[in-house]
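Q:
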Amino acid sequence: RIVFIYDINCQYIRHVHERFKERFPHLTHIKFIEWLIPKMHLVGHKEDCQYLYSLNFTPGSGRVDGEQTERNWGDLNGAATSTREMNSAHRHEVMEDKQNEMNFKKMI
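So the sequence shown is numbered by full-length UniProt numbering: it starts at 1 and just counts up by one.
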């Protein structure tokens, strides 16, 4: 079972089966993917979306809010501006170091 959480999944999943068949014909088990919307973004959606794509009503999703990746943006934005003039390999290395630092801080 795969849970895919994205801000506009209600729009993204339109014709998703056709797109997957065309681009990834070897992936036949797309029906096992659950398409959900993060809690913060869900309040801006129609009431139907709020029930269909809510983490609150999805068995096995626990108490996750779906906003994990966005929490890092504040820290990464500062590093991104300082790496703007670097070549792509150096920039990748600096951004990876920054993420490793952030992960280390979570553990201590």
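Backbone N, C-alpha and C define an ideal beta-carbon position, used for all residues, glycine too.
The structure presented is a predicted model; accordingly, all values stated were derived computationally and were not measured.
Taking just the CA atoms, how far does residue 51 sit from residue 77?
A: When rounded, the distance between both Cα atoms is 33 Å.
Q: In chain order, what residues of the same chain have a beta carbon less than 6 Å from the beta carbon of residue 94, not counting five sequence neighbours either side?
A: Closer than 6 Å at Cβ, skipping near neighbours: 83.
Q: May I ask you to report which of helix, strand or coil DSSP gives residue 57?
A: Three-state result, residue 57: helix.
Q: Is it the case that the stretch 43-61 contacts the stretch 90-104, given that we only count it when at least three CB pairs across the two stretches are under 8 Å?
A: Not touching, per the Cβ criterion.
Q: When every heavy atom of the ligand ADP is checked, does at least one fall within less than 8 Å of the C-beta of residue 11?
A: Here there are no bound small molecules, and the ligand ADP is not part of this structure.
Q: Taking Cβ positions, are residue 35 and residue 72 nearer each other than 9 Å?
A: In this structure, residue 72 does not lie closer than 9 Å to residue 35 by Cβ.
Q: Jot down the residue ranges of each uninterrupted alpha helix (DSSP H) in the stretch 56-107, minimum 4 residues, whole runs only, in chain order.
A: With a minimum length of 4 residues, the continuous alpha helix (DSSP H) runs that stay inside the stretch 56-107 are 73-82, 88-107.
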